[in-house]
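Structure record follows, encoded as structure tokens.
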Amino acid sequence: MKKTLIICEKPNAAGKIAAAIADGKPRRREFKSVPYYELEQDGKKIVVVPALGHLFTLKNVKPLRDYPVYDVRWVPAYEADRRAARSKPFVEAIAEMAKDADEFINACDYDIEGSTIGYNILRYLCGPDAPKRAKRMKFSTLTAKELRKAYENLLPTLDIGLVNSGLARHLLDWYWGINVSKAMSSAVEAAHKRFVKLSAGRVQTPTLKILFEREKEIRAFVPEPYWVIKAIFEVGGQRIEALHKKEKFFDKSEAEKVHEICRNKPARVAKITVREYRTAPPPPFDLGQLQSEAYRCFGYTPARTQQLAQSLYDNALISYPRTSSQKLPPEIGYAEILSRIGEIREYGELVEKLLGREELKPHEGKKTDPAHPAIHPTGESPKGLTGPRRRLYDLIVRRFLSTFADPAVKQSIRIDLDVAGQPFYFRGRRIMEKGWLEFYGPYGATEEVLLPEFKEGQELMPTELVFEEKETQPPPRYNPSSIIKEMEARNLGTKATRAIILQNIYDRNYITGNQIEVTELGEKTIEALLGYCPEIASEELTAHFEREMEKIQNGQSDKEKVLEDAKEKLNKILEKFRKHEVEIGKVLGEAYRKTRRAQKVLGECPKCHGELRIIVSRRTKKRFAGCSNYPKCNYSYPLPQRGKIVPLGKTCPECGAPMIQVNRMGSRPYRMCLNPDCVTKANWGNPRKNKPQ
DNA sequence: GCAAGGTC
Numbered sequence: 145m146k147k148t149l150i151i152c153e154k155p156n157a158a159g160k161i162a163a164a165i166a167d168g169k170p171r172r173r174e175f176k177s178v179p180y181y182e183l184e185q186d187g188k189k190i191v192v193v194p195a196l197g198h199l200f201t202l203k204n205v206k207p208l209r210d211y212p213v214y215d216v217r218w219v220p221a222y223e224a225d226r227r228a229a230r231s232k233p234f235v236e237a238i239a240e241m242a243k244d245a246d247e248f249i250n251a252c253d254y255d256i257e258g259s260t261i262g263y264n265i266l267r268y269l270c271g272p273d274a275p276k277r278a279k280r281m282k283f284s285t286l287t288a289k290e291l292r293k294a295y296e297n298l299l300p301t302l303d304i305g306l307v308n309s310g311l312a313r314h315l316l317d318w319y320w321g322i323n324v325s326k327a328m329s330s331a332v333e334a335a336h337k338r339f340v341k342l343s344a345g346r347v348q349t350p351t352l353k354i355l356f357e358r359e360k361e362i363r364a365f366v367p368e369p370y371w372v373i374k375a376i377f378e379v380g381g382q383r384i385e386a387l388h389k390k391e392k393f394f395d396k397s398e399a400e401k402v403h404e405i406c407r408n409k410p411a412r413v414a415k416i417t418v419r420e421y422r423t424a425p426p427p428p429f430d431l432g433q434l435q436s437e438a439y440r441c442f443g444y445t446p447a448r449t450q451q452l453a454q455s456l457y458d459n460a461l462i463s464y465p466r467t468s469s470q471k472l473p474p475e476i477g478y479a480e481i482l483s484r485i486g487e488i489r490e491y492g493e494l495v496e497k498l499l500g501r502e503e504l505k506p507h508e509g510k511k512t513d514p515a516h517p518a519i520h521p522t523g524e525s526p527k528g529l530t531g532p533r534r535r536l537y538d539l540i541v542r543r544f545l546s547t548f549a550d551p552a553v554k555q556s557i558r559i560d561l562d563v564a565g566q567p568f569y570f571r572g573r574r575i576m577e578k579g580w581l582e583f584y585g586p587y588g589a590t591e592e593v594l595l596p597e598f599k600e601g602q603e604l605m606p607t608e609l610v611f612e613e614k615e616t617q618p619p620p621r622y623n624p625s626s627i628i629k630e631m632e633a634r635n636l637g638t639k640a641t642r643a644i645i646l647q648n649i650y651d652r653n654y655i656t657g658n659q660i661e662v663t664e665l666g667e668k669t670i671e672a673l674l675g676y677c678p679e680i681a682s683e684e685l686t687a688h689f690e691r692e693m694e695k696i697q698n699g700q701s702d703k704e705k706v707l708e709d710a711k712e713k714l715n716k717i718l719e720k721f722r723k724h725e726v727e728i729g730k731v732l733g734e735a736y737r738k739t740r741r742a743q744k745v746l747g748e749c750p751k752c753h754g755e756l757r758i759i760v761s762r763r764t765k766k767r768f769a770g771c772s773n774y775p776k777c778n779y780s781y782p783l784p785q786r787g788k789i790v791p792l793g794k795t796c797p798e799c800g801a802p803m804i805q806v807n808r809m810g811s812r813p814y815r816m817c818l819n820p821d822c823v824t825k826a827n828w829g830n831p832r833k834n835k836p837q
């Protein structure tokens, strides 16, 4: 009997594809714990087998001693990296299934990476002529109907354009990233005779540059004083603040004049403007939006949210999280998911309201995804789910419910006042119809500002006229959520990699803090790159790649030619690097030393005004905060022994001791002061909270 | 050691 092998990108997709094309139920089997599916149809045997993303990766042919290197080949991922051990049984399973197969179908996601994943599997595991004979399944959602249709309308060959651009993408990223990273590390070695792990890449370096530019803006910012004038009223026991219409006075004498004119003068209500407006329900979550909301609502970093969402997905509670889609196709079965969610106590009432409607129609967003719908709950019971995963699940459920609800109707009121000819105003806001806000619950809370009744012409006497000096503020720092949004807007990285690449930039000590600051090392690194390899620091490289990829895709450009061009360009850049190796290395090595030292300084010693630093005891190997003037000063504080300690550069408002943040794997970072006897810790380890008696 | 991309 003939045998067809269908190669899928991941286990979950293999299950869905097998179920969709089988007339009956496919048989689920396992090979070295890799699940695969068997079915018989039209007199032939079909085997559906999953990959685990990329099973092959690029590896240096020779150990990397010097640059430039372009001698690189594809190897099974587990051979290049011990951490990829999980991919080994998948490689073995596919090789086994391919042995007696005479037809091959690449059914990975229909995008550049999916085409590359399938192509590598075909050429390395299915025989030398498999890529030429293989067919391609093309689908844009994993719904049974579409999968069935894709199977019945197979593309007769691989999408060789996508394959070639995928292969080129991997090689180009590797050429640029590995060589420039190596050049920087070698420079430090040449100047300081020590190894420092430095890196550059098509995504990480432009991202660092964005952060660095903001850093420069903040440093160059000169605050300007300005003055505000506010009239304060007490109406029916309510305090109302009206601001002078010219919100900022940059001319002090002008402000003083206005203040003088208005002093002790009554206000007259000049105009009341009432406006009603509707806010549409939010679209369902794509990964980026989920990361952004989880940061806003819970303070979770995008990397943490991604990890939590993956865990919810592993437990079948939510759909595939690495999606850029804001669409919910009807095939997911709105009513069924809703009614199952309705069985969860806290959502019962809300769900009833939605199910009682004539039509269920989600308010979708614009973004789409080649293989997955927006993130949504599956309806599976979240029994026993607690802590951060529960919170994230609640956010996802409420977002899903909100998307089916009505717009919210809000009313804004603006009251314009006249005080001795000077214009002042204040605003009120009320919610007329809650609409989706009711479903989004705590995450959509908008503060109402309810005002007493006013009439035009009415007179009021201010209880106070405030004259206040303020300063203009520098542009805000990026935080992990806003920089990821910026990366998305600039098309840097992908939904699945942005949070990881940001984490990498932190781990390299290029940046620090939640309000992201660029360290000395980050600054010198980006400056060196701007000086010697501006290409890699510019988003233009990504744009250039993209144009070339597109040309390769539609056959207008040859992959080999694009790669040769890249090598030539890189060789010139790296030569320049080499020539200035010692001077570049000196600067980077020095910056590295300073940055590492700064990370150990926690604050000022309260006893002698020396520096409190993280010190690891030689004797006990435990760490503590000790004074830099030791042995003259022996002041010290204990430190938590686990997790990364980040100095906050602030002191405790209660006791004045330096503040730190503790980042521990798998838990939310927390802030504390160093003083173990501080009143802020009075309730720590409160048995009432931990153990109900 | 070094990238960015996919997966769990």
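The first sequence begins at 145 in my numbering and counts up one residue at a time. We treat Cβ as the ideally placed atom computed from N, Cα and C, and that holds for glycine.
Query, Result
"Contact check, Thr132 vs Ala460, beta carbons under 9 Å", "Within the shown structure, residues of the chain are numbered from 145 to 837, placing residue 132 beyond reach of any answer."
"Residue environment, Leu594, which counts as buried when at least 16 other CB atoms sit within 10 Å", "exposed"
"Selected residue, minimal CA-CA separation from Lys511, among Arg535, Asn819, Ala633 and Pro207", "Ala633"
"Close Cβ partners of Gly585 (< 7 Å) along its chain, the five nearest in sequence each way excluded", "Arg542"
"Start-end ranges of the alpha helix (DSSP H) lying completely within the region 604–684, minimum 4 residues", "624–633, 642–651, 664–676 and 678–681"
"Spatial neighbours of Thr824 in its chain, beta-carbon cut-off 6 Å, leaving aside the 5 residues before and after", "Glu798"
"Among Met281, Ile249 and Pro179, nearest to Ser231 - alpha-carbon criterion", "Pro179"
"Leu342 burial status per 10 Å Cβ neighbour count (16 or more: buried)", "buried"
"Residue environment, Glu712, which counts as buried when at least 16 other CB atoms sit within 10 Å", "exposed"
"Distance between Leu536 and Ala625 (C-alpha atoms, nearest Å)", "Note that residue 625 is Ser in the sequence shown here, rather than Ala. Distance between the alpha carbons of Ser625 and Leu536 is about 16 Å."
"Counterpart residues of Trp218 in DSSP-defined beta bridges", "Leu202"
"Proximal residues to Glu359 (C-beta, below 6 Å), its chain only, five neighbours per side dropped", "Val662"
"Inter-residue Cα distance where the pair is Ala228 and Lys471", "33 Å"
"Residue of Gln555, Tyr319 and Pro619 minimising C-alpha distance to Leu685", "Tyr319"
"Sequence-distant residues of its chain with Cβ nearer than 8 Å to Arg267 (five each side left out)", "Ala274 and Pro275"
"Phe234 vs Ala278 beta-carbon contact at 9 Å", "no"
"Pro474 versus Leu452: straight-line alpha-carbon distance, rounded", "26 Å"
"Coarse secondary structure for Lys276, derived from DSSP in three states", "helix"
"Three-way DSSP call (helix, strand, coil) for Ile354 in this model", "helix"
"Cut-off 6 Å between Cβ atoms - residues of its own chain near Ser761, not counting five sequence neighbours on either side", "none"
"Paired residues, beta bridge with Ser780 - DSSP", "Gly770"
"Distance CB(Val332)-CB(Tyr736) smaller than 9 Å", "yes"
"Inter-stretch contact (C-beta, 8 Å, three-pair minimum) for the region 461–469 and the region 522–540", "yes"
"CA-to-CA distance, His198 to Ile130, given in whole angstroms", "As shown, the chain starts at 145 and ends at 837. That puts residue 130 outside it, with no answer to give."
"Proximal residues to Arg558 (C-beta, below 7 Å), its chain only, five neighbours per side dropped", "Thr417, Tyr569 and Arg571"
"Which of helix, strand or coil DSSP assigns to Thr423", "strand"
"Residue nearest to Pro207 in terms of C-alpha spacing, selected from Ile322, Pro425 and Ala742", "Ile322"
"Where the beta strand (DSSP E) through Tyr584 begins and ends", "No beta strand (DSSP E) contains Tyr584, which is instead part of the alpha helix (DSSP H) from Trp580 to Tyr584."
"Spatial neighbours of Val219 in its chain, beta-carbon cut-off 7 Å, leaving aside the 5 residues before and after", "Phe200, Thr201 and Lys203"
"Proximity winner among Met328, Thr445, Thr638 and Gly345, relative to Phe339 (alpha-carbon distances)", "Met328"
"Extent of the continuous beta strand (DSSP E) run through Ser556", "Ala552 to Val563"
"Any non-hydrogen atom of the ligand PLP within 8 Å of Arg338 CB", "Of ligands this structure carries none, so the ligand PLP is not represented either."
"C-alpha distance - Ile627 paired with Gln617, whole-angstrom precision", "20 Å"
"Run of the beta strand (DSSP E) containing Ile376, from where it starts to where it stops", "Pro369 to Val379"
"Rounded straight-line distance, which links the Cα of Asn819 to that of Glu221", "The displayed chain sequence assigns Ala, not Glu, to residue 221. Answer to the nearest angstrom: the Cα atoms are 48 Å apart."
"Sequence-distant residues of the same chain with beta carbon closer than 8 Å to Asn834, five excluded per side", "Low confidence applies to Asn834: its pLDDT is 37, below 50, so where it sits in the model is not reliable enough to give any reading."
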